[in-house]
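The block underneath contains the structure these notes are about, expressed in C-alpha cells.
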Amino acid sequence: MTLNQSTFFSFFYMKKRLVLGLWLVWLCGFFLIGVSFYATNHMFPSSIKDQIKKPRFLSNSFTSPFAPTITIFTAPRPFHGLVGERQELAVRSWLGLAPEISVVLFSQDLSAFSFAAAFGSRVSVEPNIDFTFLGTPFFHSMVARTQVSPSDISVLVDPEIVLFPDFISTIRCAHRLDHDWLLVASSQDIPYFPFHLDADGAHWLADDRRKITQQQLQEFLAQNLQRTFCRKRMLMAWNRGDLPLHSGVLPPFLYRKGLHNHWVITEALSSNYRFVFDASWTISSIYVNDIDSEHYQLEEASNVSALEKRSWEFAGNFHLGMIYGSFHFHEANYSNLFKLLKCGKGYVFVNTVQNIVYPLVPANQERLLSCIDLMKSHDESKNCSLDPLQLPQSISLPLSLEDLLPLRADQNKTIVLAVAGHSYKEMLMSWVCRLRHLQISNFLVCAIDREIYDFSVLQGLPVFEYANVLTNISFDNCHFGTECFQKVTKVKSRIVLQILKLGYNVLMSDVDVYWFKNPLPLLSSFGPATFVAQSDEYKITGPINLPRRLNSGFYYAHSDRVTIAALEKVVTHAATSNLSEQPSFYDVLCGEGGSNRIGDNRCLEPETNLTVHFLDRDLFPNGAYRDLWQETNVNETCRKKGCVVLHNNWISGRRKKLERQVLSGLWEYDLSTRMCVQSWHQRKVTNYF
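Shown next, in the form of C-alpha cells:
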C-alpha cells in the first residue's frame, strides 16, 4: 500500500463520523495526490525515482489538534553591554514565535535573574547545573537537565541565535514523526541585522519603526544567508521519547568551547536510536558577528596553529574528544544523516550520500527536483572533516596558586583548601559538589600527583599543582598509618603555611569530611592567634584535648604572625618525623604528653602564644564519635544533632571509606554521569568499588 493510500484509509477510519461534505473534500485530496504521485513515478529520473521510499518513521496521521510544548534551553553570558543586547534580541525572537514556547537560562549571574523577571513564567533561570570555577557551564550537565523537561520538545541553542517563524513550522513538522528524533540546524553569522522587535515581540521593525513584512524579512535572509552544515554554532532539538539521544555517557565538555555539538551528532548517528536529520535548510537562524570577532574566530578554528591560541578550555574539550572518541566527523560518519528540505508547501527528507528521498506530501516533481538540485549544488558537508590535531597529553591550567588566591578568596580573604591525590578523585568530586550545593565557592584544590591535576582541570576545578609532585602513591594503600599516608599528609601543612604567608586565612578540610552546613562563620569568629581544630577523641565523656587527639584533617588557621610562627614549627617537626604530620601538630602545639593543655578543650603554645581550640564534637564529630556512621540514617541523625560536618575517618582503607560514605547517602557525585547530584537529577548508587 502506498503512502497516499495508507494515509487516506487511516483518515477514512478515524473521521467516519464526519459529514458527507468533509468526505468529498478528502476524496478530492486523495485524487489530486494520486495524480501527483502518478506523474512523479513516470517523470522522475530513475536514479532518484527508485530511491523514493516510505520510511518507517513517518506517521500515518499529520493532523494533531494540539501544538507541542517547547522549552528552549540556553546558557547566556551576563546580560551586559552589546553581548546582553544580542542575547535579549535572541530570547525575545524565540518567545515571539509561539505562546507554547518557554525559555530556561542556565546561569548563576544576577543579571540573568533580573532579565528573566521581566518575562514572567515564560522565562526562568536554572542555576543548579555544573559550572567551572570561572563560570563556564558544562555541556553534559546542560543536556542532562534538558532531558528531565516535561515539554514535548526540548531545544538547546546558542544564546545569541535569532530564530524566525520557519523554526516553529519545522519543529511542528518534526513533531508529527512517528519516531524518536534528533534535529540539528547550523546557524549563520551575518555582519549586521538592521531590524529589531516591537514591544510585544510579535513584529520586526526597521530603525524608523516601520513594520517589516515577512516577505521583506525572507528576502533579507535569502540575500545574506548561505546554509552550510560546517558551522560550529547550531541548535539541537529532540522530542520527549522513550529512546536516549545516544549510547554511552556524554563527556564533561565545556559549553561553547568546541567539539561538543558534533560529538553528540556523531554518537547519535552511530547509536542509531533516533532518526537524525539536519534542518539547516528549513530553519533560518542567525547570530550577528560584529563584536568579539577574535573570540568567534578562536571558537570556530580547527587547525593546530589556531588551537595554540585557544584557552585551556578549548584544549580541554579537544583532549576529551580524543579520550572519548568521535573526535573526527567525516563524510562517512554522516552517511545516514538526512536533510529536511521544504519544497512549496511540503517537506522531504533527502540523503545526498545515499541518494534517498522520503517525501512528506511534496509539491510537484519539477519543484522537488529543482529543490534537491539546488541543495546539492550548495552542499558543503563533504568539506567538514577536521584535520588530526597534535594535542598535548595533559591540559594545564594557566593559573598559579598566586593567581588563584585573589580569584577564589571570599571577602574575609579566606580559602577552603583540599589536598588530594588521584586515588581519592571520586571523594574529591563529592566534596566539591557538596560545597557547590552550599554555595561555597572560595575553595582551592592542591593536586599532589599529575593524574589528579589533569582530572581536576577537566572537571573545571580551581586546582594548582604541588611544587614537588609526589610519585608512587598507592591507589588503594594510602590510608592511615601507611608510608604513603605519611608523605601525603606532610604536604598539607606546607601548603597551608605557604598560603598563610601570602596573606590568606585557611580552612583545611580533608575530602572525606562531609559538610552539612557552612562552618566558616563559626570558625572565623574565634579571631586571630587562635588555631581551631577538630578533636579526634572518640570517648563520649572526658577531655577532648588528650594527647594525639588533634585532627589535622579539619582545622582553621588565621593569617597572622603568631599562627604562621607556630605552623612553621609544626612543619619543621614533621619533616624530621617518621610519622604523619598529625602527631606533630599535637606535640608542637599542645606539648608532648599534653603539657600545654588548658582545661578540657584548649592548649596554649608557650613560645608563640598561639591558642589551640578543640571543636565541640557534637557539632564537628569525628568518625568514631557516638558511632554515627553505624546509624541506619546517618543524614537524619546528624542533622537532628546539629552536625556542621562529619569526618569519615577512623576506618582503614580507601575502599571501605568510600563504600561507607556512598551507602550512607552522604554522597553528592554521580560517577556514571560525571555530574553533581542536583535536585532534578535522579540520585544513583554507582558501583565505585
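Each residue of the sequence shown is one higher than the one before, starting from 50 at the first, in the numbering used here.
Built from N, CA and C at the ideal position, the CB exists for glycine as well.
On a predicted model such as this, the values are computed, not experimentally measured, just so you know.
Residue j beta carbon less than 8 Å from that of residue i
| i | j | result |
| --- | --- | --- |
| glutamate 654 | leucine 638 | yes |
| proline 300 | tyrosine 373 | yes |
| phenylalanine 244 | alanine 255 | yes |
| alanine 469 | leucine 456 | no |
| asparagine 600 | histidine 696 | yes |
| alanine 48 | proline 208 | Outside the shown range of the chain, which is 50 to 738, sits residue 48, and nothing can be said about it. |
| phenylalanine 491 | aspartate 459 | First, the amino acid is wrong: residue 491 is asparagine here, not phenylalanine. Yes; because the gap between Cβ atoms is below 8 Å, this pair is in contact. |
| threonine 463 | leucine 569 | yes |
| valine 494 | serine 542 | no |
| tyrosine 740 | valine 540 | The question about residue 740 has no answer, for the chain in this structure spans 50 to 738. |
| isoleucine 239 | alanine 364 | no |
| leucine 232 | alanine 223 | yes |
| aspartate 247 | serine 333 | no |
| tyrosine 563 | leucine 715 | yes |
| serine 236 | methionine 285 | no |
| leucine 450 | tyrosine 553 | no |
| valine 545 | alanine 606 | yes |
| arginine 703 | serine 472 | yes |
| phenylalanine 603 | valine 465 | no |
| valine 140 | valine 174 | no |
| alanine 147 | alanine 234 | no |
| histidine 368 | glutamate 717 | no |
| leucine 549 | threonine 612 | yes |
| arginine 646 | tryptophan 678 | no |
Start and end residues, alpha helix (DSSP H) containing residue i
| i | result |
| --- | --- |
| arginine 135 | 130 to 144 |
| glutamate 586 | Note, glutamate 586: premise wrong, no alpha helix (DSSP H); not H, not E. |
| phenylalanine 269 | 263 to 273 |
| tryptophan 480 | 474 to 486 |
| asparagine 684 | 683 to 690 |
| alanine 317 | 309 to 320 |
| cysteine 222 | 214 to 224 |
| valine 620 | 610 to 624 |
| isoleucine 444 | Unbroken run through isoleucine 444: none, as it is neither H nor E. |
| tyrosine 501 | Just to set this straight, residue 501 is isoleucine in the shown sequence, not tyrosine. Unbroken alpha helix (DSSP H) run through isoleucine 501: 499 to 507. |
For residue j and residue i, believed in contact at Cβ under 8 Å, the rounded distance
| i | j | result |
| --- | --- | --- |
| isoleucine 202 | isoleucine 220 | 6 Å |
| tyrosine 304 | threonine 120 | With a Cβ gap of about 17 Å, tyrosine 304 and threonine 120 do not count as contacting. |
| threonine 660 | arginine 651 | 6 Å |
| alanine 623 | glutamate 630 | 4 Å |
| aspartate 249 | aspartate 291 | With a Cβ gap of about 38 Å, aspartate 249 and aspartate 291 do not count as contacting. |
| alanine 251 | glycine 145 | 5 Å |
Enclosing beta strand (DSSP E) for residue i [first to last residue]
| i | result |
| --- | --- |
| isoleucine 202 | 202 to 205 |
| tyrosine 396 | 395 to 400 |
| aspartate 452 | Here aspartate 452 belongs to no beta strand (DSSP E); instead the alpha helix (DSSP H) covers 450 to 457. |
| serine 334 | 334 to 337 |
| serine 173 | 172 to 175 |
| arginine 651 | 651 to 654 |
| threonine 463 | 463 to 469 |
| asparagine 288 | 283 to 288 |
Neighbourhood of residue i by C-beta distance below 8 Å, restricted to the same chain and skipping five residues each side
| i | result |
| --- | --- |
| valine 192 | Leu205, Leu294, Leu299 and Val313 |
| glutamine 264 | none |
| serine 728 | Asn177 |
| alanine 317 | Leu231, Leu294, His295, Arg323 and Val325 |
Proximal residues to residue i (C-beta, below 6 Å), its chain only, five neighbours per side dropped
| i | result |
| --- | --- |
| histidine 730 | none |
| aspartate 179 | Phe187, Ser190, Met724 and Cys725 |
| tryptophan 699 | Gly672 and Ala673 |
| phenylalanine 122 | Val153, Thr195 and Leu205 |
| phenylalanine 242 | Val337 |
| glutamine 488 | none |
Beta-carbon contacts of residue i that lie in its chain and below 7 Å, excluding the five residues immediately before and after
| i | result |
| --- | --- |
| cysteine 692 | Phe565, Leu668 and Pro670 |
| phenylalanine 128 | Gln136, Glu137, Ser160, Ala161 and Phe164 |
| serine 200 | Thr118, Ile119, Thr120 and Arg289 |
| glutamate 362 | Thr185, Leu303 and Lys306 |
| lysine 706 | Asp561, Asn697 and Ile700 |
| glutamate 680 | Thr686 |
| glutamine 446 | One detail in the question is off: residue 446 reads as leucine in this sequence, not glutamine. Closer than 7 Å at Cβ, skipping near neighbours: Trp361, Val506 and Val512. |
Note to self: For the pair the segment 715 to 725 and the segment 480 to 498, tell me if three or more CB-CB distances fall below 8 Å.
What the structure shows: With the cut-off at 8 Å, the segment 715 to 725 and the segment 480 to 498 touch.
Note to self: Three or more C-beta pairs under 8 Å: does that hold for the segment 573 to 584 against the segment 658 to 671?
What the structure shows: Contact holds: three or more Cβ-Cβ distances are below 8 Å.
Check: Can you find at least 3 beta carbon pairs, one from the segment 596 to 610 and one from the segment 633 to 647, that sit closer than 8 Å?
Finding: The segment 596 to 610 makes contact with the segment 633 to 647: 3 or more CB pairs, one atom from each, lie closer than 8 Å.
Margin query: Whether or not the segment 255 to 264 and the segment 146 to 161 are in contact is what I'm after, with contact meaning three or more pairs of Cβ atoms, one per stretch, closer than 8 Å; do they touch?
Written below: The segment 146 to 161 and the segment 255 to 264 do not touch, with fewer than 3 CB-CB distances between them shorter than 8 Å.
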